[in-house]
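J.: Before I ask anything, here is the structure I am working with.
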Amino acid sequence: MAGEKLFKDEATEEKGERARMASFVGAMAIADLVKTTLGPKGMDKILQSTGRGHSVTVTNDGATILKSLHIDNPAAKVLIDISKVQDDEVGDGTTSVVVLAGELLREAEKLVGSKIHPMTIISGYRMAAECARRALLDRVKDNKDDAEKFRSDLMRIAMTTLSSKILSQDKEHFAKLAVDAVMKLKGSTNLESIQIIKKAGGSLKDSFLDEGFILDKKIGLGQPKRIENANILVANTAMDTDKVKIYGARVRVDSMAKVAQIEGAEKEKMREKVQKIIGHGINCFVNRQLIYNFPEELFADAGILAIEHADFDGIERLALVTGGEIASTFDNPESVKLGHCKLIEEIMIGEDKLIHFSGVEMGQACTIVLRGASFHVLDEAERSLHDALCVLSQTVNDSRVLLGGGWPEMVMAKAVDELARKTPGKKSHAIEAFSRALVAIPTTIADNAGLDSAELVAQLRAEHHKEDSNAGIDVITGSLGDMSELGISEAFKVKQAVLLSATEAAEMILRVDEIITCAPRRREDRM
Numbered sequence: 048m049a050g051e052k053l054f055k056d057e058a059t060e061e062k063g064e065r066a067r068m069a070s071f072v073g074a075m076a077i078a079d080l081v082k083t084t085l086g087p088k089g090m091d092k093i094l095q096s097t098g099r100g101h102s103v104t105v106t107n108d109g110a111t112i113l114k115s116l117h118i119d120n121p122a123a124k125v126l127i128d129i130s131k132v133q134d135d136e137v138g139d140g141t142t143s144v145v146v147l148a149g150e151l152l153r154e155a156e157k158l159v160g161s162k163i164h165p166m167t168i169i170s171g172y173r174m175a176a177e178c179a180r181r182a183l184l185d186r187v188k189d190n191k192d193d194a195e196k197f198r199s200d201l202m203r204i205a206m207t208t209l210s211s212k213i214l215s216q217d218k219e220h221f222a223k224l225a226v227d228a229v230m231k232l233k234g235s236t237n238l239e240s241i242q243i244i245k246k247a248g249g250s251l252k253d254s255f256l257d258e259g260f261i262l263d264k265k266i267g268l269g270q271p272k273r274i275e276n277a278n279i280l281v282a283n284t285a286m287d288t289d290k291v292k293i294y295g296a297r298v299r300v301d302s303m304a305k306v307a308q309i310e311g312a313e314k315e316k317m318r319e320k321v322q323k324i325i326g327h328g329i330n331c332f333v334n335r336q337l338i339y340n341f342p343e344e345l346f347a348d349a350g351i352l353a354i355e356h357a358d359f360d361g362i363e364r365l366a367l368v369t370g371g372e373i374a375s376t377f378d379n380p381e382s383v384k385l386g387h388c389k390l391i392e393e394i395m396i397g398e399d400k401l402i403h404f405s406g407v408e409m410g411q412a413c414t415i416v417l418r419g420a421s422f423h424v425l426d427e428a429e430r431s432l433h434d435a436l437c438v439l440s441q442t443v444n445d446s447r448v449l450l451g452g453g454w455p456e457m458v459m460a461k462a463v464d465e466l467a468r469k470t471p472g473k474k475s476h477a478i479e480a481f482s483r484a485l486v487a488i489p490t491t492i493a494d495n496a497g498l499d500s501a502e503l504v505a506q507l508r509a510e511h512h513k514e515d516s517n518a519g520i521d522v523i524t525g526s527l528g529d530m531s532e533l534g535i536s537e538a539f540k541v542k543q544a545v546l547l548s549a550t551e552a553a554e555m556i557l558r559v560d561e562i563i564t565c566a567p568r569r570r571e572d573r574m
């Protein structure tokens, strides 16, 4: 056959059925992998890297799990991608996206098996997704105008997000932390100004939210321990003694006295620089680089608090929070914006001393200090909290809220089912399949809780055939419950993103009919 040698030796191609099989299988395997982390009773995974240090991560955040996998299967990569995007875009629902896409493909595989063309399936899925979105839009609640209600909505969303994470034990405590922090942002989705500091020790319950800004540094020796009404200069400049910075400069001296003169000159240069800095009328100087003993001594004499080696994130954030700018030259003091805050003092958290800036210019900033038994717990707590913060900051902008616990999926499934009955032709099979895939999410939630999912989902479907039902799965009692009474809510934005990304990803994988793996370019040819 002449067609055989189209590709070079190591390239392979898979056509038609086999290619589709490979992509379906890969995508479903990924979906099954994260499936068990879904819902309040979802389990965690331990990820151990084989690199050096064998670092161990314990997590149940879908995106984190998938990010760490190295996978060959092209279709699986698409799923990993959507979960990443979901993580960046809305922060939560990373597991649901993958599970839903996996289920859509599982249904599609059956349809392809019964001789329905992939394009037909895709157009059916498209119709179904649009219909499902409209069904959700009809049932959203929006309490933006009523501050009290809106806050309780936010609390509920935070608690729902956290209940599937490690923080579920103290979810009320953390939900309150997250809501307070996000309310301080006043509607911006910039999570930079919420700083999270992790300190091992204590228990998760000891975590707290602090109004001001906390720098993870100690105060230098012989310097004032607390300053009121501070003017802060945030700088990024070298405060080590200015060596003769001409590389390869050879200085010939004819006596030791000359060396002393050179050193004296260097000291003078430094003193001038410090005078310039003091001339800004400040009483706190934060530098990103190190400060030698000599300038530090000068600062201490002037009664200025000098902090060295503040990490870069810390510096940027500090400048943002205190309303100052980062300066690197000090020749014209009038053009430099200083930062201000009411009080700088040293506080203790656990073993460590930290510097606490309170009463800062931007009311938006705050610091969340997490305590916990071990670093793994802290890392996972930070990830969970970050999810909650993302979702909340999105909800503050788009205040539409849905109930949770498998309720939105059932509402969508019901609407999609009705659409399938009205649609003539082969598309109706695809639309029906879409509704089956949606039901897979409540099914999985129930499965993970060890409940009889078939029984529960059937009851749930019956409940939803009555008008305006609020029924969802209550994993705690193991039966159906009224979601609005239990206070299980989700953000509309998250659900919509899950629905659309999953459909698009499934569509993309369905369109594949051939997988070509290219051989890497050989290196030897050049020789």
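Just so we're aligned, residue 48 is where the sequence shown starts under the numbering used here, counting upward by one.
Yeah, the Cβ is synthetic: ideal placement off N, Cα and C, and Gly gets one too.
Just so we're clear, the structure is a prediction, and the values are computed from it rather than from any experiment.
Which residue or residues does DSSP assign as beta-bridge partners of Ser405?
T.: Indexing the sequence shown from 1 puts residue 405 at position 358. BP columns for Ser405 point to Leu390.
J.: Taking the beta carbon of Thr490 as the centre, do at least 16 other beta carbons fall within 10 Å, making it buried, or is it exposed?
T.: As a first step, residue 490 must be located in the sequence shown, where it is residue number 443. Thr490 is buried by the Cβ-count criterion.
J.: Whose C-beta lies closer than 6 Å to the C-beta of Ala49 among residues of the same chain, with five residues either side of it excluded?
T.: Counting from one through the sequence shown, the residue named residue 49 turns up at place 2. For Ala49, the pLDDT reaches just 46, beneath the cut-off of 50, and the residue's location in the model is therefore unreliable, leaving the point undetermined.
J.: Three-state secondary structure (DSSP) at Met48?
T.: The count along the sequence shown starts at 1 and reaches residue 48 at position 1. No answer about Met48 holds up, because its pLDDT of 45 lies below 50 and its placement is not dependable.
J.: CA-CA distance, Leu94 and Leu113?
T.: Here residue 94 corresponds to residue number 47 of the sequence shown, with the count starting at 1. Here residue 113 corresponds to residue number 66 of the sequence shown, with the count starting at 1. Leu94 and Leu113: Cα-Cα distance of roughly 10 Å.
J.: Please name the residue in Lys264, Glu154, Gly248 and Val229 whose C-alpha comes closest to that of Leu256.
T.: Looking up residue 256 in the sequence shown gives position 209. The shortest C-alpha separation from Leu256 is found at Val229.
J.: Among Gly140, Asp200, Glu136 and Val125, which one has its Cα closest to the Cα of Leu152?
T.: As a first step, residue 152 must be located in the sequence shown, where it is residue number 105. The residue with the shortest Cα to Cα distance from Leu152 is Val125.
J.: Look at Ile535 and Gly452 and say whether their C-beta atoms are less than 8 Å apart.
T.: Here the question's residue 535 lines up with position 488 in the sequence shown. Here the question's residue 452 lines up with position 405 in the sequence shown. Against a cut-off of 8 Å, the Cβ pair of Gly452 and Ile535 comes out as a contact.
J.: Would you call the CB atoms of Cys331 and Ile266 closer than 8 Å?
T.: Position 284 of the sequence shown, counted from the first residue, corresponds to residue 331. Position 219 of the sequence shown, counted from the first residue, corresponds to residue 266. Against a cut-off of 8 Å, the Cβ pair of Ile266 and Cys331 comes out as no contact.
J.: Kindly indicate which three-state DSSP category Cys437 falls into: helix, strand or coil?
T.: Your numbering for residue 437 matches position 390 in the sequence shown. Correct three-state label for Cys437: helix.
J.: What would DSSP say about Arg418, mapped onto helix, strand or coil?
T.: Within the sequence shown, the letter at position 371 stands for residue 418. Arg418 falls in the strand class under three-state DSSP.
J.: Could you say if the segment 500-512 and the segment 447-467 meet the contact criterion of at least three C-beta pairs nearer than 8 Å?
T.: Segments in contact, yes.
J.: Taking only the alpha-carbon atoms, compute the straight-line gap between Ala611 and Ile415 and give it to the nearest angstrom.
T.: Look at the range of the chain in this structure, 48 to 574, and you will see that residue 611 is not part of it.
J.: Going by DSSP, what residues sit across from Ser582 in a beta bridge?
T.: What the structure shows of the chain is the stretch from 48 to 574, and residue 582 is not part of that stretch, so it cannot be assessed.
J.: Between which two residues does the beta strand (DSSP E) carrying Val105 extend?
T.: Residue 105 sits at position 58 when you count from the first residue of the sequence shown. Segment Val103 to Thr106, the beta strand (DSSP E) holding Val105.
J.: Starting from Thr111, trace the beta strand (DSSP E) in both directions and tell me its first and last residue.
T.: Mapped onto the sequence shown, residue 111 falls at position 64. It is not in any beta strand (DSSP E) - Thr111 instead sits in the alpha helix (DSSP H) that spans Gly109 to Lys114.
J.: Look at Ala24 and Leu214 and say whether their C-beta atoms are less than 8 Å apart.
T.: There is no way to answer for residue 24, as the model of the chain reaches only from 48 to 574.
J.: Among Lys162, Ala110 and Ala155, whose alpha-carbon lies nearest the alpha-carbon of Val137?
T.: Position 90 of the sequence shown, counted from the first residue, corresponds to residue 137. When only C-alpha atoms are compared, the closest one is Ala110.
J.: Under 8 Å, with one C-beta from each stretch per pair, do the segment 428-445 and the segment 518-530 reach the 3-pair mark?
T.: Verdict: no, contact absent.
J.: If you follow the beta strand (DSSP E) that Ile354 is part of, which residue opens it and which one closes it?
T.: Stepping through the sequence shown from its first residue, residue 354 is reached at position 307. Here the beta strand (DSSP E) through Ile354 covers Leu352 to Ile354.
J.: Are Lys272 and Glu355 closer than 8 Å when you measure CB to CB?
T.: Numbered from its first residue, the sequence shown carries residue 272 at position 225. Numbered from its first residue, the sequence shown carries residue 355 at position 308. No, the pair does not count as a contact, with Cβ atoms beyond the cut-off.
J.: Near Pro165, which residues of its chain fall below 6 Å by C-beta distance, leaving aside the five closest residues on each side in sequence?
T.: Here residue 165 refers to the residue found at position 118 of the sequence shown. So the list reads Leu557, once near-sequence residues are dropped.
J.: Could you tell me the distance, in whole angstroms, from the CA atom of Ile118 to the CA atom of Ile563?
T.: Numbered from its first residue, the sequence shown carries residue 118 at position 71. Numbered from its first residue, the sequence shown carries residue 563 at position 516. If you take the alpha carbons of Ile118 and Ile563, they lie about 16 Å apart.
J.: Kindly indicate which three-state DSSP category Phe197 falls into: helix, strand or coil?
T.: Mapped onto the sequence shown, residue 197 falls at position 150. DSSP places Phe197 in helix when its eight states are reduced to three.
J.: Pick from Lys316, Glu363, Ala349 and Ala285: whose alpha carbon is nearest that of Tyr339?
T.: For the purposes of this step, residue 339 is taken as residue 292 along the sequence shown, with counting starting at 1. Checking every option, the nearest Cα to that of Tyr339 belongs to Ala285.
J.: Since Ile129 and Val144 should fall inside the 8 Å C-beta cutoff, what is the C-beta to C-beta distance between them, to a whole number of angstroms?
T.: Position 82 of the sequence shown holds residue 129. Position 97 of the sequence shown holds residue 144. Sure, about 5 Å apart at Cβ, within 8 Å.
J.: What ranges does the alpha helix (DSSP H) occupy inside the segment 159-203, keeping only unbroken runs of at least 4 residues that lie completely in it?
T.: If we require 4 residues or more, the alpha helix (DSSP H) runs fully inside the segment 159-203 come out as 165-185.
J.: Tell me whether Lys245 sits in a helix, a strand or coil according to DSSP, three-state version.
T.: Position 198 of the sequence shown holds residue 245. Three-state result, Lys245: strand.
J.: Assign Pro471 to buried or exposed, taking buried as 16 or more other Cβ atoms, counted over all protein chains shown, within 10 Å of its Cβ.
T.: Numbered from its first residue, the sequence shown carries residue 471 at position 424. The residue is exposed, with fewer than 16 neighbouring Cβ atoms inside 10 Å.
J.: Among Lys542, Val424, His387 and Cys565, whose alpha-carbon lies nearest the alpha-carbon of Pro455?
T.: In the sequence shown, counting from the first residue as 1, residue 455 sits at position 408. Pro455 has its Cα closest to that of Lys542, out of Lys542, Val424, His387 and Cys565.
J.: Please list, in chain order, all residues of the same chain as Asp378 whose beta carbon is under 8 Å from its beta carbon, the five residues on each side excluded.
T.: Here residue 378 corresponds to residue number 331 of the sequence shown, with the count starting at 1. So the list reads Lys323, once near-sequence residues are dropped.
J.: Note the first and the last residue of the continuous alpha helix (DSSP H) segment covering Asp134.
T.: Stepping through the sequence shown from its first residue, residue 134 is reached at position 87. That run of the alpha helix (DSSP H) goes Pro121 to Glu136.
J.: Helix, strand or coil for Arg447 per DSSP?
T.: Sequence index remark: in the sequence shown, residue 447 carries index 400 (1-based). DSSP places Arg447 in strand when its eight states are reduced to three.
J.: Would you say Asn283 and Arg335 are within 8 Å of each other, going by their C-beta atoms?
T.: Reading the sequence shown from its first residue, position 236 is the one you call residue 283. Reading the sequence shown from its first residue, position 288 is the one you call residue 335. In this structure, Arg335 lies closer than 8 Å to Asn283 by Cβ.
J.: Please check the pair Leu264 and Asp217, which I expect to be a contact at CB under 8 Å, by giving their CB distance rounded to whole angstroms.
T.: Start at 1 with the first residue of the sequence shown, and residue 264 comes out as number 217. Start at 1 with the first residue of the sequence shown, and residue 217 comes out as number 170. Note that residue 264 is Lys in the sequence shown, not Leu. Lys264 to Asp217, Cβ: 29 Å. No contact.
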